[in-house]
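Chains A and B, in that order, give the protein sequences. Take the first sequence: its position 67, counted from the start at 1, is 67 in the working numbering, and no numbers get skipped. Take the second sequence: its position 6, counted from the start at 1, is 6 in the working numbering, and no numbers get skipped. Note sheet for the following structure.
Protein chains: 2
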Amino acid sequence: MKKIFTIAASLLIGVTAFAQQALWGGPQVVSPQINEDGTVTFRYQNPKAVKVQLTGDCLPSQKIEVPGFGTFDVPGSVDLKEGPNGIWEYTTPQPVAPEFYNYNFIVDGQKELDLNNVFVNRDIANLTSVLLVPGGHADLYTVKNVPHGAITKQWYYSQKAGFNRRLSVYTPAGYEEGKGKYPVLYVLHGIGGDENAWLEQGRAAQILDNLIAEGKAVPMIVVFTNGNISQEAAPLETSTGYTIPTTALPQTMEGSFETSFPEIVKFIDSHYRTIAKKQSRAVCGLSMGGFHTLYLSLNYPDLFNYSGMFSAAIGVSDTSISPIYQNFDTKLATYFSKKPALLWIGCGNTDFLYKANIEFTKKLSENNFPYTYVETEGGHIWKNWRVYLSEFVPLLFK
Amino acid sequence: MKKIFTIAASLLIGVTAFAQQALWGGPQVVSPQINEDGTVTFRYQNPKAVKVQLTGDCLPSQKIEVPGFGTFDVPGSVDLKEGPNGIWEYTTPQPVAPEFYNYNFIVDGQKELDLNNVFVNRDIANLTSVLLVPGGHADLYTVKNVPHGAITKQWYYSQKAGFNRRLSVYTPAGYEEGKGKYPVLYVLHGIGGDENAWLEQGRAAQILDNLIAEGKAVPMIVVFTNGNISQEAAPLETSTGYTIPTTALPQTMEGSFETSFPEIVKFIDSHYRTIAKKQSRAVCGLSMGGFHTLYLSLNYPDLFNYSGMFSAAIGVSDTSISPIYQNFDTKLATYFSKKPALLWIGCGNTDFLYKANIEFTKKLSENNFPYTYVETEGGHIWKNWRVYLSEFVPLLFK
């Protein structure tokens, strides 16, 4: 009797596995594979391919020249070598440093995902395979056996937009069990991003879980807004149907988002157990989100006690188009007269926004306005933004 | 002055766009494209490919014979035709019926995603591109301009497992604003699935939002469990690091999940505003989740008033291995003696579990036990499970 059931169970699994194979093709080879010596092997099975390459930020970068624009670092590429059964392979010559990486294969000139790796991320309109090498600072990006905060995809009605809009909200472990109130950090994305970006590419939930579990950060509520006021939510979550994500959205850096921000704070303060005062409120953001952070801080000097500008997109947009961006020097003086606890500025030394950020810090220094400046290697990349968040969060609400 | 800023803004966007192009390659062509006449065009750019095919459940199915196992319907495939610039194209000869579809390209025999379509789903270990054709019953699967429930990824400590485990919880629109209590539906996944499956492949949040907005279902809390008691969470969300999802997990159909279920109900009843009684509690599940639904209902006859078995995996596993599965007839009689409001059974007429489900309904009829049976076309597929959920939910808590 037992045997019959076992055969039947095999059939259930067998048909499913068979169906996968036949219908969609499950994983054929192991890729990526982190080896014992810390090197990583990438594999791609395709007997008919002529040339298979790997590109990604796990490889040394290469410099490219854009005429009229300057020189930029982009991920390098290497050739895979074909072995038995049409399995192409590349093993890094050196151990790969701990980091959260994105990569693709280029098969006869065509970008492809590593379909043996089910870990795929979308960044704006780009799909990449993901490799997380644990260790060092990247341990913060891993899911550990620690208490986990909850992530809620939450909708609020925006008077400014005239429709429902979506937020992601992190509530720390223990929030549901207790009755206590928590400080709030608002985290803003870059151009083309949305309320998912920091959680997917930014590993923000893991960073928060781990920093709080280690006692390096205080438990806090963290709100990930959607900074594209013309949109309801991330591109795949709206009633407008399928649209390709783009950096060229309307109403991103023309004052609407900053003008609408108080309604988000009001919603959060009325729906979560927050400490609803300046001393317990922080804001930070990357690129466009750093620009938003600056102008939210200046226009609402009584709202945030801590502000973090990560590779902020300052000095690049037409700030004449909204009152939000005008009377800059007066607003800056007012902001500092109210003695915020922290203005934190981080930028990579090859970022195309590096010069603008340095100029801003000079202006602050000339006026004896206090700020913290952290400079890292590299450019306008998620690798830096995850580090900036990891360094900013422990400074808050203490 | 304004001009300088405009140029700088273009530079910001330009570099980003350029970077996409250079680093990862953004969308090159439009695919998929739903045409005005309802046909769909798929495109894939690759000048070096010799043969490009499309496969997916948007194409007529084909029958395949598995020696010793029987005949199975699998998605068909068609050839794309190469046009200018190496852009391969296929337009369906007929309008494509409204549905949530999965598809892939097969390029010289190799499965690939449609990288011009950023909408990708993972089902167990399989990545597919997604096409949602709105209209008809598939309108329930679209995000509409209606009030949206919130989705929370929530962790609870499992005494049975000895570690933290993750749930997905849907709270209906208005939950946060009010103080009222809600009935609870527990929704269970199939073998190889996890707490994300019903929300990603099952479109459950959209179905619930839309049914509630239309007044066809009462507002309810819906809990999506992880039925693999050996795991913390979905494969990419655990502290065990990167693992390839598989249907061959331990502790899936041997009683552990059913034994541990009361701790989930206890957690939900103590953390959400639930109506914590049988009359306001329902359970349903697909395949393995239908099997779990049956044995949860029989072993805890005072827990659920409504049970939904969707293509339930009954009659295929070794039920001698746990007391949960023993004394079936006695438990069945006890269950019905307590007059549950609904036992709902749905199965496709080409499902490999069809015969077992028919036999079960015969057994019920012979004993004059009341049940609702819905038979559809097709097999063991998500298309059916979304329909079953859409039909089951309106019957609850009325």
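Cβ atoms here follow ideal geometry from the backbone N, Cα and C, with glycine treated the same way.
Close CB contacts of residue 232 of chain B within its chain, under the 7 angstroms cut and outside five residues either way in sequence, are with 163, 164, 165, 166, 238 and 239 (chain order).
Residue 205 of chain B: member of the alpha helix (DSSP H) spanning 204 to 213, first to last residue. With respect to chain B, the C-beta atom of residue 238 of chain A has a partner C-beta closer than 8 angstroms. Taking a Cβ-Cβ threshold of 7 angstroms, the residues of chain A close to residue 154 of chain B are 150, in chain order. Scanning A:229, A:56, A:282 and A:317 for the CA closest to the CA of residue 158 of chain A turns up A:229.
Looking at the DSSP output, residue 124 of chain A bridges to nothing. For the segment 125 to 136 of chain B, the residues whose beta carbon sits under 8 angstroms from a beta carbon of chain A are, in order, 125, 126, 127, 128, 132 and 134. Looking only at A:196, A:182 and A:321, the smallest Cα-Cα distance to residue 217 of chain A is reached by A:182. For residue 164 of chain B, the chain A residues whose C-beta falls within less than 8 angstroms of its own C-beta are 145, 147 and 148, listed in chain order. Between residue 250 of chain A and chain B, the shortest Cβ-Cβ separation is not below 8 angstroms. Taking a contact as a CB-CB distance under 8 angstroms, the pair residue 130 of chain A and residue 152 of chain A does not count as one, their CB atoms being some 23 angstroms apart.
Taking 8 angstroms as the cut-off, the Cβ atoms of residue 204 of chain A and residue 187 of chain A count as close.
By the rule that beta-carbons nearer than 8 angstroms mark a contact, residue 43 of chain A does not touch chain B. Looking at the DSSP output, residue 45 of chain B sits in a beta bridge with B:87. The three-state reading of DSSP puts residue 118 of chain B in coil, since its state is none of H, G, I, E or B. Annotated three-state conformation of residue 140 of chain A is helix, per DSSP.
In this structure residue 337 of chain B is exposed. Its beta-carbon is surrounded by fewer than 16 other beta-carbon atoms within 10 angstroms. If you look at residue 388 of chain B, you'll find it in the alpha helix (DSSP H) that goes 382 to 392.
A distance below 8 angstroms separates the beta carbons of residue 39 of chain A and residue 96 of chain A.
In chain order, 287, 311, 348, 351, 352 and 353 place their CB closer than 8 angstroms to the CB of residue 380 of chain B, counting only its own chain and leaving out the 5 sequence neighbours on each side. Collapsing the DSSP output to three states places residue 262 of chain A in a helix. Counting only residues of its own chain and dropping the five nearest sequence neighbours on each side, residue 98 of chain B has a CB closer than 8 angstroms to the CB of 133, 134, 135, 136, 137, 138 and 139. Around the beta-carbon of residue 196 of chain B, 16 or more other beta-carbon atoms lie within 10 Å, marking it buried. A Cβ of chain A is located within less than 8 angstroms of the beta carbon of residue 110 of chain B. Its chain contains 209, 210 and 213 as the residues whose beta carbon lies nearer than 7 angstroms to that of residue 146 of chain A, once the 5 sequence neighbours on both sides are disregarded; these appear in chain order.
Think of a sphere of 9 angstroms around the beta carbon of residue 292 of chain A: no beta carbon from chain B falls inside it, the nearest being about 14 angstroms out.
Proximity of residue 46 of chain B to chain A, defined by a Cβ-Cβ separation below 8 angstroms, is satisfied. Look at residue 164 of chain A here: in three-state DSSP terms it is strand. At a cut-off of 8 angstroms, the C-beta of residue 84 of chain B has no neighbouring C-beta in chain A. No residue range can be given for residue 324 of chain B, since it is assigned to no alpha helix (DSSP H) and is classified by DSSP as neither H nor E.
Here residue 206 of chain B is buried: its Cβ has 16 or more other Cβ atoms, across all protein chains shown, within 10 Å.
Taking residue 222 of chain B as reference, the option from B:273, B:190 and B:258 with the minimal CA-CA separation is B:273. At a cut-off of 8 angstroms between beta-carbon atoms, residue 120 of chain A makes contact with chain B. Contact annotation: in the segment 175 to 192 of chain B, residues whose CB is within less than 9 angstroms of a CB in chain A are 176, 177, 190, 191 and 192. Under the Cβ distance rule, residue 229 of chain B does not count among the residues neighbouring chain A, no pair being separated by less than 8 angstroms. Counting along the chain, no beta strand (DSSP E) covers residue 356 of chain B; the unbroken alpha helix (DSSP H) around it starts and ends at 354 to 366.
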